[in-house]
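If you count the sequence shown from 1, position 43 lands on 43 in UniProt numbering, and the numbers rise without skipping. Backbone N, C-alpha and C fix where the C-beta goes; we use that ideal spot for every residue, glycine too.
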Amino acid sequence: MKIKIEARERWRKGLVGGFLLLLLAFILLLTGCGGGLETESLEHQKTFDEAIEESDIPKSDFYETYQSVDFAVSFYQSNGELGMAKFEKEEDGWHYRGGSSAKEEDARESAEQGGFGYFQTSSVKGTVDLSSEEKRVYVTVVYGSLFDDEISRVSVQMEEGNYEATISKGDGPRVWYVVLDHREKMDQPAKRVIGYRADGSIAAESDPRAAE
Numbered sequence: 001m002k003i004k005i006e007a008r009e010r011w012r013k014g015l016v017g018g019f020l021l022l023l024l025a026f027i028l029l030l031t032g033c034g035g036g037l038e039t040e041s042l043e044h045q046k047t048f049d050e051a052i053e054e055s056d057i058p059k060s061d062f063y064e065t066y067q068s069v070d071f072a073v074s075f076y077q078s079n080g081e082l083g084m085a086k087f088e089k090e091e092d093g094w095h096y097r098g099g100s101s102a103k104e105e106d107a108r109e110s111a112e113q114g115g116f117g118y119f120q121t122s123s124v125k126g127t128v129d130l131s132s133e134e135k136r137v138y139v140t141v142v143y144g145s146l147f148d149d150e151i152s153r154v155s156v157q158m159e160e161g162n163y164e165a166t167i168s169k170g171d172g173p174r175v176w177y178v179v180l181d182h183r184e185k186m187d188q189p190a191k192r193v194i195g196y197r198a199d200g201s202i203a204a205e206s207d208p209r210a211a212e
């Protein structure tokens, strides 16, 4: 009788142990699958360099980039043109979103006539419900050519306030730019663009609205 009880006890312990082993194996399998899916998802994240390749603009032509968490603009010089390309980051990574360009000679002529070449573009940011204006988020990029070496600082006066422009430091032609991430589309150009010398004196200024 004692032998039967001991055998039954060993059988019960073996059954419990086997169940625990199966449970542990199942947990490890789920963990492994989850990690694999996460790794696979990360592997499919398109990088910023891949987005540049998507633009068909040689990477070596880019010389200045502004990049936030989910938006970027890059300036390039290619085949006698000065251009700006826009990029956005979505769930699957970075994507090229078009841009604009102008002949370098035209940009130089515009800068010489008005002190600055001036461009402004607003676009809807991200994938949104286009049927509702309230859900749209716009990004406005204000930028221009800068051929006057005396200018070391650029101030941009918009309807809503004044902004200090960033001046490129790359090997290409100098550009100044302001990136505004707003919920409203900005249709009005800047009121004034002012270029300052290192001593604080004004080297050039222009009224983009007068050119409309």
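Exposed unless 16 or more other CB atoms sit within 10 angstroms - verdict on residue i
| i | result |
| --- | --- |
| residue 202 | exposed |
| residue 77 | buried |
| residue 105 | exposed |
| residue 69 | exposed |
| residue 198 | exposed |
| residue 60 | exposed |
| residue 217 | Any answer about residue 217 is impossible in this case: the structure gives the chain only from 1 up to 212. |
Limits of the unbroken beta strand (DSSP E) element including residue i
| i | result |
| --- | --- |
| residue 181 | 175 to 182 |
| residue 145 | 138 to 145 |
Beta bridge counterpart(s) of residue i as assigned by DSSP
| i | result |
| --- | --- |
| residue 226 | Here the chain covers residues 1 to 212 and nothing more, so residue 226 does not appear. |
| residue 78 | 81 |
| residue 67 | 72 |
| residue 167 | 176 |
| residue 200 | Beta-bridge pairing links residue 200 to no other residue. |
| residue 123 | 139 |
Contact check, residue i vs residue j, beta carbons under 7 Å
| i | j | result |
| --- | --- | --- |
| residue 87 | residue 102 | no |
| residue 157 | residue 190 | yes |
| residue 82 | residue 173 | yes |
| residue 118 | residue 144 | yes |
| residue 155 | residue 194 | yes |
| residue 95 | residue 138 | no |
| residue 168 | residue 175 | yes |
| residue 170 | residue 91 | no |
| residue 141 | residue 166 | no |
| residue 123 | residue 85 | no |
| residue 206 | residue 75 | no |
| residue 125 | residue 93 | no |
| residue 160 | residue 188 | no |
Continuous alpha helix (DSSP H) stretch holding residue i: start and end
| i | result |
| --- | --- |
| residue 50 | 48 to 54 |
Discussion item. Threshold first: 3 residues or longer. Then list the beta strand (DSSP E) segments lying entirely within the segment 82 to 119, N to C.
Written reply: Listed in chain order, the complete beta strand (DSSP E) runs (minimum 3 residues) inside the segment 82 to 119 are 93 to 103.
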